[in-house]
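Peer 1: Below is a structure I'd like to ask you about.
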């Protein structure tokens, strides 16, 4: 039986966050199936937001987070925002779904009114090492001290500018060959000056970006996300647009069965960037993940990243291992449960050599976890990595557009089945990267079975960030007849090449590259690099290289 | 029946923090009454520390905190460290007591090996605006960027130097008249340079501190504390020495019956400063607080601060108020419980005009709290403050030495009975301040009954920070025949005056200043200023002023 509540009835003080809070609490109390919000533009201020202590993977800054719509320990519940816009003022994560089941969020635009990004148009070149900039938005989030630009938060704590991304004024593409360093000097070497007319002067640049281009100057810290989901199953986000947010647009960790349909990062009028980081991100998720009918543009990192987490063995005892969450942005993510199956691997090849069953889990703190096992750990070596293989997801990414974003299109480290089909990629870096490493990010997931078909790769990798349109991160070591990536098929796609390398495959057991339409870049051949491979089938019109 | 466990038996990997953790867990499991630690110097690293999400009052930085000895939900338990030293490497709170009863910690020295402080000796004066400094300790915690000194933490987040305290090389007093600004220019205006021989050059100074004096250059953030107690009753800390720690030496919030006996902040050989902030601090505590036989020196804030918290009314409904924790460092401290009695006050005079009983408490987040009441709130005005008067403590501070610290000796905002007796104060600022305000810090507590007797005030207030040896923070407004401070008696003390003002009393109903031995400063009279007072008794040899 459907039971529907209306947002408006819970408004007591005109504060949209408080109204959301009351309405969701009432829905929980009454076992309502749906909350409807009348179409409108709602200002969300931190004051009446909910708050939870969150550790958001790949974000860092574990701690209390303000949340506009908090869905917690609920099931079979939908919020239909009816086409509304939530404009969040301050460090706010607009939506969080925690320990819930069958939750649907629909028909919503999200926006943080200011993050830690400064967009500025290039208006002139000095005869010396200077460039004139006209701030377009975000200037208010920065302070200038001794010529350095800082974003400020938490009691005068300063975050220096670290990257600087350039978009073309016409078209809004990442400017060719610029990557994270458009001035061709480190961010530390550039100083800024406010001019009396409101423009700024950047000093110390080596490359002068073309007049009219837009720079996104970032001191961003991932203090929140657009929509954060944890330990929940059956999540649908439908017709949601993220204009701007701290951190990622959507991130789910330890979740199952996720459906993003028309969940897009889209530019607000007059802005080049959307989410501060990845558009979507999935960590230690399981079941079926479907991402379809989305447009991802202007996000300042990949459109999608899926992975698990390697933890490093730092100590052992009798049937007991101490493992560490190695990357700061992985701390506090509680990925182990009693009964989980884990594999041990050497960090260089990342090929599992033992499988164990977890008996007990003790989180000593956000970094070190004590695991006991059913089996002996005698053959397991301190210094190796452990991966939890209990979670395994099938990823379907179809009918999506990925364009004009910083970095890559997709980072795939997925042990389940992956299908990428009928998508358009115009990414500044590699379009699809098989990422994973056991040394720095510790993002885990030996590739299972991947099909990439009927996609268009349109001048990908014109900005930087990688070598091939599709590529594998090489392992530091390979083992004979053992492969990190099992099967990758690239079939019936169109490659409109910007450079030579269509694919760089390394450590793939079976690689198939057939039926693709290749439009080589002017004056260049198109090559496919294949290394450390068992079975390889390549169509004839590409050059196989090593 | 006493049941004693020995620390050594729980050592499995040579890590002292993990051994502590295991031993305390075993004690909890076995209902042991005591844990003994053999005398030794134990290095504590963050790796195997416990961790809790803590909001520590007057510290800020709510979030996960590593803890070496975590006592949680325990009762009737003692740890006797047997004269050991815990040397904490990294951001660690050595001891935390949460939700426990009858806990005793004994015979211990605590030290964080590095905080966010740089101690440097003045070795020379340039002919221009420079001063040469020889770093003595803490240099490794700082980075130099564009001439500015920053402490660094959390992914390249920078904390600029904010204060700069000066100690005399001989005697280790705060240098006369220097307060927080020894260079006589703002911290922002001073730049630093590393010299090849390991010294540093400070540029842009207006006053040159005498050669041989020691500067403590601070970019300190209160990321932890020495010993933190929350929601616990019956806490004894006995024979504990804090050499150095992040934040305060001891802080208790929402605790009752606390006994500090020989709990001291003492200088390690070759260092001028001890705790980064107050030596001891009590927030919303109740019962009996006894601090005796302690020496507090070198701490970079007051020796003791006791107060409650005003929260500001930001909204109201039917029998309902929304109140806000106003100071950032008060957020997350959960001071209200159903059944609590609270008073409403206007922020300027801080005289209560209504008393209410809390029915329900809902923490919307770390800042805003929804309180419902048994009574009508019709006469309560938005914009006024609310104080919880349920907690009320009697403070006995006796036989203590307070010397050579930054700022004041004691900040008293205590509604219960306060006795300060047989103490020696050689503080750089006011020795005893009756603090409280409803506008900035929001530290609450109209003075009840105070006796200060048989103490020696030795050249207090030579550094700055205040006007009188004993003084009241004035209210912004007074009400006829209503007083913020009820009764303050200053009897049989010795005042060795550095300046004129022995006491500045404002808004005290009954003030008695008798039997004190006054040794006036050379060429100066000694005066007592009394304003807005009902009953005043002054000994004849001081000058009464307004």
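Chains as they are written, first to last, in the numbering used here: chain H, 2 to 547; chain S, 2 to 547. Even for Gly, the Cβ is constructed at its ideal location relative to N, Cα and C. Please read all numbers here as calculations on a predicted model, not as lab measurements.
(1) Are the C-beta of residue 159 (chain H) and some C-beta of chain S separated by less than 8 Å?
(2) Compare the C-beta of residue 96 (chain H) with all C-beta atoms of chain S and state if any pair is closer than 8 Å.
(3) In three-state DSSP terms, what is residue 25 (chain H)?
(4) Count the other CB atoms, across all protein chains shown, that sit within 10 Å of the CB of residue 445 (chain S); report buried if there are 16 or more and exposed otherwise.
(5) Hey, could you find the ends of the beta strand (DSSP E) residue 235 (chain S) is sitting in?
(6) Closest Cβ-Cβ distance between residue 171 (chain S) and chain H: below 8 Å?
(7) Report the three-state DSSP secondary structure of residue 258 (chain S) (helix, strand or coil).
(8) Would you check if the distance between the CB atom of residue 120 (chain S) and the CB atom of residue 272 (chain S) is smaller than 8 Å?
(9) Mind checking which residues open and close the beta strand (DSSP E) that includes residue 461 (chain S)?
(10) Is the Cβ of residue 472 (chain H) closer than 8 Å to any Cβ of chain S?
(11) Go through its chain and collect everything with a Cβ distance to residue 65 (chain H)'s Cβ below 6 Å, but skip five positions before and after it.
(12) Does the beta-carbon of residue 266 (chain S) have 16 or more other beta-carbons within 10 angstroms, so that it is buried, or is it exposed?
(13) What is the rounded straight-line gap between the Cα of residue 214 (chain S) and the Cα of residue 134 (chain S)?
(14) Touch check for the region 410–419 of chain H and the region 449–464 of chain H: three-plus C-beta pairs under 8 Å?
(15) If you measure from the beta carbon of residue 54 (chain H) to each beta carbon in chain S, is any gap under 8 Å?
(16) What is the DSSP secondary structure of residue 527 (chain S), reduced to helix, strand or coil?
(17) I'd like to know whether the C-beta of residue 48 (chain H) is nearer than 8 Å to at least one C-beta of chain S.
(18) Check this for me: beta carbons of residue 387 (chain H) and residue 311 (chain H), under 8 Å apart or not?
(19) Quick one: grab the DSSP three-state call for residue 548 (chain S).
(20) Pick from S:300, S:191, S:173: whose alpha carbon is nearest that of residue 226 (chain S)?
(21) For residue 411 (chain S), list the residues DSSP reports as bridge partners.
(22) Quick check: the Cα distance between residue 3 (chain H) and residue 515 (chain H), rounded to an integer number of angstroms?
(23) DSSP three-state call for residue 278 (chain S): helix, strand or coil?
(24) Interface residues of chain H around residue 369 (chain S) at Cβ under 7 Å?
(25) Near residue 1 (chain H), which residues of its chain fall below 7 Å by C-beta distance, leaving aside the five closest residues on each side in sequence?
(26) Anything in the region 128–153 of chain H with a Cβ closer than 9 Å to a Cβ of chain S? List those residues in chain order, please.
(27) Any beta carbon from chain S within less than 8 Å of residue 15 (chain H)'s own beta carbon?
(28) Taking any Cβ of chain H, which residues in the region 65–98 of chain S have a Cβ under 9 Å from it, in chain order?
(29) Look up residue 199 (chain S) in the DSSP assignment and give the residues it is bridged to.
(30) Under 8 Å between the Cβ atoms of residue 162 (chain H) and residue 219 (chain H)?
(31) Measuring straight from C-alpha to C-alpha, what distance separates residue 481 (chain S) and residue 242 (chain H)?
(32) Closer than 8 Å is the cut-off here; do at least three beta carbon pairs connect the region 466–484 of chain H with the region 527–537 of chain H?
(33) For residue 42 (chain S), is the classification buried or exposed, using 16 other Cβ atoms within 10 angstroms of its Cβ as the cut-off for buried?
(34) With DSSP as the reference, please indicate the residues paired to residue 44 (chain S) in a beta bridge.
(35) Should residue 322 (chain S) and residue 381 (chain S) be called a contact, given that it needs their Cβ atoms to be closer than 8 Å?
(36) Going straight from the alpha carbon of residue 413 (chain S) to that of residue 280 (chain S), what length do you get?
Peer 2: Looking at the coordinates:
(1) yes
(2) no
(3) helix
(4) buried
(5) 234–245
(6) no
(7) strand
(8) yes
(9) Run containing residue 461 (chain S): none; DSSP gives neither H nor E here.
(10) no
(11) 52, 54
(12) buried
(13) 10 Å
(14) yes
(15) yes
(16) coil
(17) yes
(18) yes
(19) Coverage of chain S is limited to positions 2 through 547, which leaves residue 548 (chain S) absent and any answer about it impossible.
(20) S:300
(21) S:305, S:433
(22) 49 Å
(23) coil
(24) 48, 49
(25) Not covered by the structure: residue 1 (chain H). The range shown for chain H is 2 to 547.
(26) 146, 147, 148, 149, 151
(27) no
(28) 65, 67, 68
(29) Answer by DSSP bridge pairing: none, since residue 199 (chain S) is not bridged.
(30) yes
(31) 60 Å
(32) yes
(33) exposed
(34) S:88
(35) yes
(36) 14 Å
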